[in-house]
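Trainee: Structure below; questions to follow.
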Amino acid sequence: MNTSISSTGFEVVRLGGNIGAEIRGLDLRKPLSAAQFDALQTAFVTHEVLVYRDQDITLEEQIAFAQNFGDLSIHPFSPNLEDKREVIVLDYSADNPPALTDQWHSDETFRRAPPAVTMLRSKVVPDHGGDTLFASMTAAYTGLSERMKQYIHGLEAIHDFKPWRHLFTSSEVHQAKLRELEREYPNPSHPVVRVHPVTGRRAINVNAQFTKHIRGLKEEESQMILNFLYSRAQIPEFQLRVKWQPDMVVMWDNRSTQHYAPHDYYPQRRTMNRVTVAGDDVLGVSGPYTPEEGVAALPDGHSVKVDPSRRPVREFERQAKEAA
0 MNTSISSTGF EVVRLGGNIG AEIRGLDLRK PLSAAQFDAL QTAFVTHEVL VYRDQDITLE
60 EQIAFAQNFG DLSIHPFSPN LEDKREVIVL DYSADNPPAL TDQWHSDETF RRAPPAVTML
120 RSKVVPDHGG DTLFASMTAA YTGLSERMKQ YIHGLEAIHD FKPWRHLFTS SEVHQAKLRE
180 LEREYPNPSH PVVRVHPVTG RRAINVNAQF TKHIRGLKEE ESQMILNFLY SRAQIPEFQL
240 RVKWQPDMVV MWDNRSTQHY APHDYYPQRR TMNRVTVAGD DVLGVSGPYT PEEGVAALPD
300 GHSVKVDPSR RPVREFERQA KEAA
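When the count follows numbering that gives the first Met the number 0, it moves up by one through the sequence shown with no breaks and lands on 323 for the last residue.
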């Protein structure tokens, strides 16, 4: 469905069945009016991933646009710019292979309050490969059976900055810094099902990159449940695949999505500038389990009973009729 918003001057074009939209007609170099921001925020939390094409913006303009959505955060483990530490430069090539991106994850869930929004702007795009895949974890939750929703209700999982622990050497300086970071990010416990602070929608809130285990379960029980929940991101109906072009900006709701960046472009160069908007503490569903209100089942056509007069005749039926 395409939605024209005459009062704001831009159009929201839906991209996927359950996730993603393109914003057309908005110049990110210009300040947003209050009406534009409200419409954009509504589109963002509705579609979870927004794509903006042909945005030849400066780094300062990217920062200014992102700040419409909140304060920017600084990643403690990434290659940040010296003079703009809230900017992560993802510059991968033959001499600097991509790392840590080819795994489904939400960003920085090792924080007590993970980022709300992540925004990438393409600078160098490979000739082939280098797409980014996104998965709606709200759709992934909606697609669960009621019994599974009841089982995972109230569960909490421990998260950790495990992908970067190998960067610390045994030197006294590195070990001291590691202990400092462990105090700053002390393995937060997040609900397995989180509630979106704006929409109230429920979303699966575990990911293979940062989640360690589910509290209160044996290791093998925890891993079995986690592996199942991780696999929900791999279902194509819940996904959007973005093929990058020069001067594209993509922003995603880190509270309700996961993403995956294949390494299939290596050894070509791929350069992105990333900024993240700080988020709030993660909240789960309070009280005993109740079904999610106002959320329809995902449309898949499986339960539709076709009128016999409209159903095509299958070959075995034709043969059976001819043989009678």
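Just so you know, even glycine gets a beta-carbon here, dropped at the ideal spot from N, CA and C. Remember, predicted model here, so these are calculated numbers, not experimental data.
For the alpha helix (DSSP H) that contains His158, what are its first and last residues?
Mentor: Segment Glu155 to His158 is the beta strand (DSSP E) holding His158; no alpha helix (DSSP H) there.
Trainee: Between the C-alpha atoms of Ile62 and Val248, what's the straight-line distance to the nearest angstrom?
Mentor: If I take the Cα positions, the gap works out to 12 Å.
Trainee: Please return the same chain residues whose Cβ sits closer than 6 Å to the Cβ of Ala93, not counting the five positions on each side in sequence.
Mentor: So the qualifying residues of the chain are Pro266.
Trainee: Going by DSSP, what residues sit across from Gln238 in a beta bridge?
Mentor: Answer is Ala134, bridged to Gln238.
Trainee: For Val194 versus Val284, is the C-beta spacing smaller than 9 Å?
Mentor: For Val194 and Val284, yes; Cβs fall inside 9 Å.
Trainee: What residue range is occupied by the uninterrupted alpha helix (DSSP H) comprising Val172?
Mentor: Looking at the DSSP string, the run of the alpha helix (DSSP H) that includes Val172 is Glu171 to Glu183.
Trainee: Alpha carbon to alpha carbon, what distance is there between Ala323 and Gln233?
Mentor: Approximately 47 Å between the Cα atoms of the pair.
Trainee: Apart from the five residues just before and just after Val124, which ones in its own chain have a Cβ nearer than 6 Å to its Cβ?
Mentor: Closer than 6 Å at Cβ, skipping near neighbours: Trp243 and Pro245.
Trainee: Do the segment 94-109 and the segment 253-266 make contact, defined as three or more Cβ pairs closer than 8 Å?
Mentor: Enough Cβ pairs lie closer than 8 Å, so yes.
Trainee: Just checking my contact of Met271 with Ala202 at CB under 8 Å: how many whole Å lie between their CB atoms?
Mentor: Not really, about 25 Å apart at Cβ, beyond 8 Å.
Trainee: Where does Tyr150 sit, in a helix, a strand or coil, going by DSSP?
Mentor: Three-state DSSP puts Tyr150 in a helix.
Trainee: Go through its chain and collect everything with a Cβ distance to Asp106's Cβ below 6 Å, but skip five positions before and after it.
Mentor: Closer than 6 Å at Cβ, skipping near neighbours: Pro114, Thr117 and Asn253.
Trainee: What first and last residue would you give for the beta strand (DSSP E) that runs through Ala322?
Mentor: Ala322 -> not in any beta strand (DSSP E); alpha helix (DSSP H) instead, spanning Glu314 to Ala322.
Trainee: Have a look at the DSSP bridge pairing and note the partners of Val335.
Mentor: The structure shown does not extend to residue 335, since the chain is modelled only from 0 to 323, so the question has no answer here.
Trainee: Tell me where the alpha helix (DSSP H) around His104 begins and ends.
Mentor: Run containing His104: none; DSSP gives neither H nor E here.
Trainee: Would the segment 14-30 and the segment 45-58 be scored as touching if the rule is three or more Cβ pairs under 8 Å?
Mentor: Yes: the two stretches touch, three or more of their Cβ pairs being nearer than 8 Å.
Trainee: Report yes if the C-beta distance between Val197 and Gln40 is below 9 Å; otherwise report no.
Mentor: Going by C-beta atoms, Val197 is nearer than 9 Å to Gln40.
Trainee: If we ignore side chains and look at the alpha-carbon of each, how far apart do His158 and Lys211 end up?
Mentor: Rounded to the nearest angstrom, the two C-alpha atoms are 5 Å apart.
Trainee: Which residue wins for smallest C-alpha separation from Asp329, given the options Leu71, Arg317, Leu27 and Asp90?
Mentor: There is no way to answer for residue 329, as the model of the chain reaches only from 0 to 323.
Trainee: Under the DSSP definition of a beta bridge, which residues are partnered with Pro311?
Mentor: The partner list for Pro311 (beta bridge, DSSP) is empty, contrary to what the question assumes.
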